[in-house]
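Structure first, then comments.
In the working numbering, the protein residues as written are 17 to 181.
What follows is the structure in structure tokens.
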């Protein structure tokens, strides 16, 4: 077994790491918050316990006010978002209703003459006694308007008369 000697070099590696982790600021800091930035000259004030208590209460009140303000802002933003989305949804529903109504009117304009022809022709065949032809015409009328009671009634009459013939 050959033993290798392991060399521990800590200084250069640490120096390199320190250089990698150093902060690269584009702008200089203007506030001196730390001792190093203040160049060793920090001024401390000696304050009584009552004064510290009032400062603590002020800080707590400010934090509470900030939280309340943040909640109000979030609620107003969400409320505005909800109002806008509901108004858009309502407008879309109105447009869809208008579109459906326009399609229904166009369908009616296109198919009412055909429907009248099928009903009139079925009535003519029913008077002449040709019940198969009458049933065919009434079925065609029902294909155009399935909920129409007149076409259903005429078809039932034609079916009844053809069975009793």
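Virtual Cβ for every residue (Gly too), placed ideally from N, Cα, C.
Note the first and the last residue of the continuous alpha helix (DSSP H) segment covering residue i.
| i | result |
| --- | --- |
| residue 62 | Residue 62 -> no alpha helix (DSSP H), and no H or E assigned at all. |
| residue 163 | Careful: residue 163 lies outside any alpha helix (DSSP H) and carries neither H nor E. |
Could you give the DSSP three-state label for residue i: helix, strand or coil?
| i | result |
| --- | --- |
| residue 129 | helix |
| residue 138 | helix |
| residue 175 | helix |
| residue 181 | coil |
| residue 145 | coil |
Am I right that residue i and residue j are in contact with their C-beta atoms under 8 angstroms? What's the rounded C-beta distance?
| i | j | result |
| --- | --- | --- |
| residue 167 | residue 135 | 7 angstroms |
| residue 160 | residue 139 | Residue 160 to residue 139, Cβ: 16 angstroms. No contact. |
| residue 148 | residue 103 | Not quite, the Cβ-Cβ distance comes to about 57 angstroms (not below 8 angstroms), so this is no contact. |
Starting from the C-beta of residue i, find all residues in its chain whose C-beta is less than 7 angstroms away, skip the five residues before and the five after it, and write them out in chain order.
| i | result |
| --- | --- |
| residue 171 | 151, 154, 155 and 158 |
| residue 169 | none |
Kindly indicate if chain B contains any beta-carbon less than 8 angstroms away from that of residue i.
| i | result |
| --- | --- |
| residue 111 | Of the chains in the structure shown, none is chain B; there is only one protein chain. |
Among the residues of its own chain, which have a CB less than 8 angstroms from the CB of residue i, if the five just before and after it don't count?
| i | result |
| --- | --- |
| residue 88 | none |
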